[in-house]
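With positions in the sequence shown counted from 1, the corresponding number in the working numbering is that position plus 510.
The beta-carbon is built from N, C-alpha and C at its ideal position, and this holds for glycine as well.
Here the structure is a predicted model, which means the values were calculated and not measured.
Single-structure report; data block below.
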Amino acid sequence: MKMLQHSMGKEETEARLNFLTKIIGLIMLLIGLFLEYGILTTTMYPPLAGMFQMIAVILIVVGAISLIVKIF
């Protein structure tokens, strides 16, 4: 494993890290959007719905930011 890491260049490692960050961000964004859609289309106990909406918004924001950001 150590030899494999040494053979990869810095650019390749950064590219893989950026790709992984984008994939995780996309997954978080989609989970947040589906959660928000589910909350808006079903009836829920209001305090519980508010908590789930807050979680959905956090997932959406973090997912969107990770899609935009480039790791140095």
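Residues near residue i in its chain [Cβ-Cβ closer than 7 Å; skip 5 each side]
{"i": "leucine 543", "result": "Ile570"}
{"i": "glycine 573", "result": "Gly535, Leu536, Met538, Leu539 and Gly542"}
{"i": "isoleucine 584", "result": "Outside the shown range of the chain, which is 511 to 582, sits residue 584, and nothing can be said about it."}
{"i": "leucine 527", "result": "Ile581"}
6 Å CB neighbourhood of residue i in its chain, flanking five on each side removed
{"i": "leucine 536", "result": "none"}
{"i": "leucine 558", "result": "none"}
{"i": "leucine 545", "result": "Ala566"}
Check: residue i C-beta below 6 Å from any heavy atom of the ligand ZN
{"i": "leucine 539", "result": "Questions concerning the ligand ZN fall outside what the structure shown contains, since it holds no ligand whatsoever."}
Burial state of residue i (16 or more Cβ within 10 Å)
{"i": "alanine 566", "result": "buried"}
Proximal residues to residue i (C-beta, below 8 Å), its chain only, five neighbours per side dropped
{"i": "methionine 511", "result": "In this prediction, methionine 511 has a pLDDT of 48, which is less than 50 and means its spatial position is unreliable; what the coordinates show is noted afterwards. Excluding residues within five positions, none has a Cβ falling inside 8 Å."}
{"i": "isoleucine 575", "result": "Gly535"}
Item to check | Contiguous alpha helix (DSSP H) assignments of at least 4 residues, all confined to the stretch 520-567 | outcome: 520-551
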